[in-house]
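Mapping to the numbering used here: the sequence shown position 259 is 336, numbers consecutive. Quick notes on the structure that follows.
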Amino acid sequence: MRLIELSFHDDAELVDRLMAASERAEPLDIFLGEPTSRDRRVLRLVFGEGDGQGAIDSISGLMDGVEDWRLVVLPVEASLPKPDAKRVEASTRRKFMALREELYQDVAGGAKLHRDFLLLTLLSTIVAVFGLTADNVAAVIGAMVIAPLLGPILAFAFASALGDLDLMARAARTALAGLLLGMLLSAAIGFGFGADLTSEELAGRTVVGLDSTVLALASGAAAALSIATGLSATLVGVMVAVALLPPAAAAGLLLGAGEWEFAMRASLLLAINVVSVNLAALLVFFYKGIRPRTWLERRSAKRSVYINLAVWAVLIVALTGLAVLMTVQSPESIAVAPEPSLEAEP
């Protein structure tokens, strides 16, 4: 359940319109407070899980042009007496998802480029690089957990669904900064320490194919779905990090070590994963009905969605085709050096 509270200056005509809009939204409970000494009133609405977006959109439309008002959304941990079970079930069944404003608040935070983001990227890259070189699965998994690359990738897809160009620009800048920092740092480590080409973890990031695209699409869809429904994204963040950080670290490491062909393969895998995650996340956000509030904004957002879908679709087809072609022409990944012969010389 969630509580929506609106504070505003008392106005008889506005109150009537707000009450009518609130009742049309069918809340579980509704309360309108008496005017205070400062001539302010409070409207409280209680909705079931996944409900209330219509009420917020209606109220926001009515409050356009009105000064000095505030709407807040609060989670309800418990409520007494218990609301009617049938009404709660019907409310939840309509569409189980987080509010657009809640999603924006959560997702926009991941698009911020700050020192903590860069520090986490730096640390996770170091862990990933030495994990790949030492063939240490635990270290690679640890790097996946602390990598902050999920935030800006999902923020870009979310901004595309809303047509929010400012958020798209901030998310793209943050994602590029994180990926470039990871690749440059891993390239420096590869130049200074080299790369162990017998590592299976490192070799696995040079294998590209159709399965790479399917994995990244599934990861991106699962991540976006967890965000849209308001569920925990921790495990999904690990899944997406699997598809982003290791190939980025592997590409830089191999590039620094002078292994150009294998570095290109790892870079291709990274590109496939980034494009696939964006495409899948955008499709999920669009399917879940994440749209701007006004008609004009929706028209602009629809154009943004179609353009981004077209670009991502063309890119994923081209990159996957290149990956399949590379696999056919040169199917082997990093080769493990053969054991020296023990046959006696004649």
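Beta carbons are placed, not taken as given, at the ideal position from N, Cα and C, and that holds for glycine.
### Message
Taking DSSP's pairing of strands, which residues face R147 in a bridge?
### Response
Residue pairing of R147 in beta bridges, as defined by DSSP: S84.
### Query
Are the Cβ atoms of F235 and V153 separated by less than 9 Å?
In this structure, F235 sits away from V153, with a CB-CB distance that is not shorter than 9 Å.
### Query
If you drop the 5 nearest sequence neighbours on each side, which residues of the same chain put their C-beta closer than 6 Å to that of S135?
Only A98 meet the Cβ criterion.
### Query
When burial is assigned at 16 or more other CB atoms within 10 Å of the CB, is E336 buried or exposed?
Residue burial annotation: E336 is buried, with at least 16 other C-beta atoms found within 10 angstroms of its C-beta.
### Query
In chain order, what residues of the same chain lie with their CB nearer than 7 Å to the CB of S84, ignoring the 5 residues before and after it?
Around S84: R117, V119, W146, R147.
### Query
Which residue from I133, A205, E278 puts its Cα closest to that of R79?
Each of I133, A205, E278 was checked against the Cα of R79, and the nearest Cα belongs to I133.
#### Entry: Touch test, the stretch 227-242 against the stretch 376-394, Cβ-Cβ under 8 Å, three pairs minimum
Of all C-beta pairs linking the stretch 227-242 to the stretch 376-394, three or more are shorter than 8 Å, placing the two stretches in contact.
#### Entry: Beta carbon of L190 nearer than 9 Å to that of A254
Between L190 and A254, the C-beta spacing is below 9 Å.
### Query
Going straight from the alpha carbon of R177 to that of T113, what length do you get?
Taking the straight line joining both Cα atoms gives about 31 Å.
### Query
So L332 and A224 are in contact, right, with Cβ under 8 Å, and what is the actual spacing, rounded?
Not really, about 19 Å apart at Cβ, beyond 8 Å.
### Message
Mapping the DSSP letters down to three states, classify R247 as helix, strand or coil.
### Response
In the three-state scheme derived from DSSP, where H, G and I count as helix and E and B as strand, R247 is classed as helix.
### Message
Looking at the strands, I want to know which residues DSSP matches up with R79.
### Response
In DSSP, R79 forms a bridge with F124, P152.
### Task
Would you identify the three-state DSSP class for I393, choosing helix, strand or coil?
Looking at I393 - three-state DSSP - the assignment turns out to be helix.
### Query
Unbroken beta strand (DSSP E) runs of length 3 or more, entirely within the stretch 94-120: which are they?
DSSP assignment within the stretch 94-120 yields the following whole beta strand (DSSP E) runs of 3 residues or more, N-terminal first: 106-109.
### Message
Assuming A252 and I230 are in contact, meaning their beta carbons sit under 8 Å apart, how far apart are those beta carbons, in whole angstroms?
### Response
Right, the Cβ-Cβ distance comes to about 6 Å (below 8 Å), so this counts as a contact.
### Message
Counting C-beta neighbours from all protein chains within 10 Å, is the total for E278 16 or more, i.e. buried, or is it exposed?
### Response
Buried is the call here.
### Message
With H, G and I counted as helix, E and B as strand and the rest as coil, what does DSSP make of I266?
### Response
Of the three classes helix, strand and coil, the one that applies to I266 here is helix, per DSSP.
### Message
Counting C-beta neighbours from all protein chains within 10 Å, is the total for Q130 16 or more, i.e. buried, or is it exposed?
### Response
Buried.
### Message
Using the three-state DSSP reduction, which class does N213 fall into: helix, strand or coil?
### Response
Coil, per DSSP.
### Task
Compute the Euclidean distance between the alpha carbons of A89 and V123, then round it to the nearest angstrom.
Approximately 23 Å, taken between the alpha carbons.
### Classification of D93 by the beta-carbon crowding that lies within 10 angstroms, buried from 16 upward
Its Cβ having fewer than 16 others within 10 Å, D93 is exposed.
### Message
The alpha helix (DSSP H) that contains L279, what's its start and end?
### Response
Counting along the chain, the alpha helix (DSSP H) containing L279 begins and ends at 277-281.
### Query
Span of the alpha helix (DSSP H) holding R368?
Element bounds for R368: n/a, residue is neither H nor E.
### Task
Output the distance between the C-alpha atoms of D106 and M140, rounded to the nearest integer angstrom.
Rounded to the nearest angstrom, the two C-alpha atoms are 21 Å apart.
### Query
How would you call R101, buried or exposed, if buried means at least 16 neighbouring beta carbons within 10 angstroms?
That one is exposed.
### Assigned secondary structure, V453 (DSSP; H/G/I helix, E/B strand, else coil)
This structure does not reach residue 453, given that the chain is present from 78 up to 423, and the question cannot be answered.
#### Entry: Buried versus exposed, by CB contacts within 10 Å (16 or more), A390
Around the CB of A390, fewer than 16 other CB atoms lie within 10 Å, so the residue is classed as exposed.
### Query
How would you call A395, buried or exposed, if buried means at least 16 neighbouring beta carbons within 10 angstroms?
So A395 counts as exposed.
### Task
Please state if the CB of L347 and the CB of A328 are separated by a distance shorter than 9 Å.
Yes. Within cutoff.
### Query
Are the beta-carbon atoms belonging to A387 and V285 less than 9 Å from one another?
In this structure, A387 sits away from V285, with a CB-CB distance that is not shorter than 9 Å.
### Query
Rounded to a whole number of angstroms, what is the C-alpha to C-alpha distance between L392 and A232?
If you take the alpha carbons of L392 and A232, they lie about 19 Å apart.
### Message
Quick check: A358 and A298, are their CB atoms within less than 9 Å of each other?
### Response
Using a Cβ distance threshold of 9 Å, A358 and A298 count as a contacting pair.
### Query
Ordered along the chain, which non-local residues of its own chain (more than five positions away) have a Cβ less than 7 Å from that of A326?
Excluding sequence neighbours, A326 sits near T202, A205, V206, L209, G259, S263.
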